[in-house]
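**Q** Here it is, the structure, as structure tokens.
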Amino acid sequence: MTDFKSEVIAAGGEGIAACYQCGTCSGGCPTVSAMDFTPRQIIRMVNLGMRDRVLSSKTIWLCASCYQCQVRCPREVKITEVMAALKSMAMKEGYNSSIAKPRAASFYRNFNEIVANLGRQFEPLLLLKTTLGSRESITSKLGYLLKNAPFGITLMKKGKLPFKPEKISGSEEVRKIFENVAKMEAGE
Ligand code: SF4
Ligand code: SF4
410 MTDFKSEVIA AGGEGIAACY QCGTCSGGCP TVSAMDFTPR QIIRMVNLGM RDRVLSSKTI
470 WLCASCYQCQ VRCPREVKIT EVMAALKSMA MKEGYNSSIA KPRAASFYRN FNEIVANLGR
530 QFEPLLLLKT TLGSRESITS KLGYLLKNAP FGITLMKKGK LPFKPEKISG SEEVRKIFEN
590 VAKMEAGE
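Numbering (the numbering used here), first residue to last: 410 to 597.
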């Protein structure tokens, strides 16, 4: 067993050794057309210990965590958990997601941070923080924000986006959950 494979299993990717490459996971994946490697290929690459190729792939950032693959897998491979574990590993190990997906790592970091603080998401802030926190050039960042501004304004006018952030009543409990998960990840 390779170190990489063991790490993925320890991070929640149980059952990957049972994969017999049937491709059912790839066949039902809603985002497979945009991926550089299909879910089936990612599982195979993890089993082969191809750490760099896997952690620098677009696929791990494009997984929408829909669980379609996982519920269909005849070998009960925890594919969605594998994808989540790979994202986490890529972020911790500093894999340059700006090459694979320019704003991916920034999106995940800021998504969690906002939910941890408010107990819910506040999309305008998420867009702003994600874009400004990405590794793109300032020109690209401004271009992306300007391109998305009309869409955001339309959503706000229709009442689909809030104008200001609001905390939920149980936000303190949510924050504690995030703190406990961080402690568990740190092995405390
Ligand atoms: S559906 Fe399961 S067994 Fe089939 S390729 Fe995907 S992970 Fe492997
Ligand atoms: S959980 Fe991810 S890999 Fe699996 S089908 Fe959904 S998007 Fe595709």
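Backbone N, C-alpha and C define an ideal beta-carbon position, used for all residues, glycine too. Computed from a prediction, not measured in an experiment: that's the story for all the values here.
May I ask you to check if the CB of residue 441 is nearer than 8 Å to at least one heavy atom of ligand 2?
**A** The residue given as residue 441 occupies position 32 in the sequence shown. At least one heavy atom of ligand 2 is nearer than 8 Å to the Cβ of residue 441, so yes.
**Q** Under 7 Å Cβ to Cβ from residue 482, same chain only, skipping five residues before and after it: list those, please.
**A** Here residue 482 refers to the residue found at position 73 of the sequence shown. Around residue 482: 433, 434 and 488.
**Q** Whose C-beta lies closer than 6 Å to the C-beta of residue 494 among residues of the same chain, with five residues either side of it excluded?
**A** The sequence position of residue 494 within the sequence shown is 85, counting from 1. Correct list, in chain order: 417, 420, 421 and 422.
**Q** Looking at the structure shown, is residue 518 part of a helix, part of a strand, or coil, going by DSSP?
**A** To locate residue 518, count along the sequence shown from 1; it is residue 109. Reduced to three states, the DSSP call for residue 518 is helix.
**Q** Exposed or buried, what is residue 414 when buried is set at 16 or more other beta-carbons lying within 10 Å of its beta-carbon?
**A** Counting from one through the sequence shown, the residue named residue 414 turns up at place 5. Classification of residue 414: buried, given that the 10 Å Cβ count is 16 or more.
**Q** Is DSSP giving residue 569 helix, strand or coil here?
**A** Counting from 1 along the sequence shown, the entry for residue 569 is found at position 160. Here residue 569 sits in coil by DSSP.
**Q** Closest by CA to residue 476, which one among 587, 454, 438 and 456?
**A** Numbered from its first residue, the sequence shown carries residue 476 at position 67. Minimum Cα distance to residue 476 is reached at 438.
**Q** May I have the straight-line CA-CA distance separating residue 557 from residue 425, to the nearest angstrom?
**A** In the sequence shown, residue 557 corresponds to position 148, counting from 1. In the sequence shown, residue 425 corresponds to position 16, counting from 1. Computed Cα separation, rounded: 39 Å.
**Q** How long is the line joining the alpha carbons of residue 430 and residue 451, rounded to whole angstroms?
**A** Here the question's residue 430 lines up with position 21 in the sequence shown. Here the question's residue 451 lines up with position 42 in the sequence shown. Distance between the alpha carbons of residue 430 and residue 451: 10 Å.
**Q** Using a threshold of 9 Å, state whether the C-beta atoms of residue 464 and residue 517 are closer than that.
**A** For the purposes of this step, residue 464 is identified with residue 55 of the sequence shown, where counting begins at 1. For the purposes of this step, residue 517 is identified with residue 108 of the sequence shown, where counting begins at 1. For residue 464 and residue 517, no; Cβs fall outside 9 Å.
**Q** How many angstroms separate the CA atom of residue 514 from the CA atom of residue 484?
**A** Looking up residue 514 in the sequence shown gives position 105. Looking up residue 484 in the sequence shown gives position 75. Looking at the two C-alpha atoms, the distance is approximately 30 Å.
**Q** Quick one: what's got a C-beta closer than 7 Å to residue 541's C-beta in the same chain, skipping five residues either side?
**A** Here residue 541 refers to the residue found at position 132 of the sequence shown. Closer than 7 Å at the Cβ level, and outside the excluded window around residue 541, lie 550.
**Q** Does the distance from the CB of residue 587 to the CB of residue 519 come in under 9 Å?
**A** If you number the sequence shown from 1, residue 587 lands on position 178. If you number the sequence shown from 1, residue 519 lands on position 110. It is not a contact, given that the beta carbons lie outside the stated cut-off.
**Q** Which word fits residue 490, buried or exposed, when buried means at least 16 other C-beta atoms lie within 10 angstroms of its C-beta?
**A** Position 81 of the sequence shown, counted from the first residue, corresponds to residue 490. Looking at its Cβ environment, which holds 16 or more other Cβ atoms inside 10 Å, residue 490 is buried.
**Q** Is the beta carbon of residue 426 within less than 8 Å of some heavy atom of ligand 1?
**A** Position 17 of the sequence shown, counted from the first residue, corresponds to residue 426. For ligand 1, not one heavy atom lies less than 8 Å from the Cβ of residue 426.
**Q** When the Cα atoms are used, what is the spatial distance from residue 582 to residue 576?
**A** Walking along the sequence shown from the start, residue 582 turns up at place 173. Walking along the sequence shown from the start, residue 576 turns up at place 167. Cα-Cα distance, rounded: 12 Å.
**Q** Roughly how many angstroms separate the alpha carbons of residue 580 and residue 590, rounded to a whole number?
**A** Position 171 of the sequence shown holds residue 580. Position 181 of the sequence shown holds residue 590. If you take the alpha carbons of residue 580 and residue 590, they lie about 15 Å apart.
**Q** Over the uninterrupted alpha helix (DSSP H) stretch that includes residue 457, give me the two end residues.
**A** Translated into the one-based positions of the sequence shown, residue 457 becomes position 48. Looking at the DSSP string, residue 457 is not in any alpha helix (DSSP H), and its letter there is neither H nor E.
**Q** Quick test of your reading: residue 471 and residue 444, contact by CB under 8 Å. State the CB separation rounded to the nearest angstrom.
**A** Translated into the one-based positions of the sequence shown, residue 471 becomes position 62. Translated into the one-based positions of the sequence shown, residue 444 becomes position 35. Correct: roughly 5 Å between the Cβ atoms.
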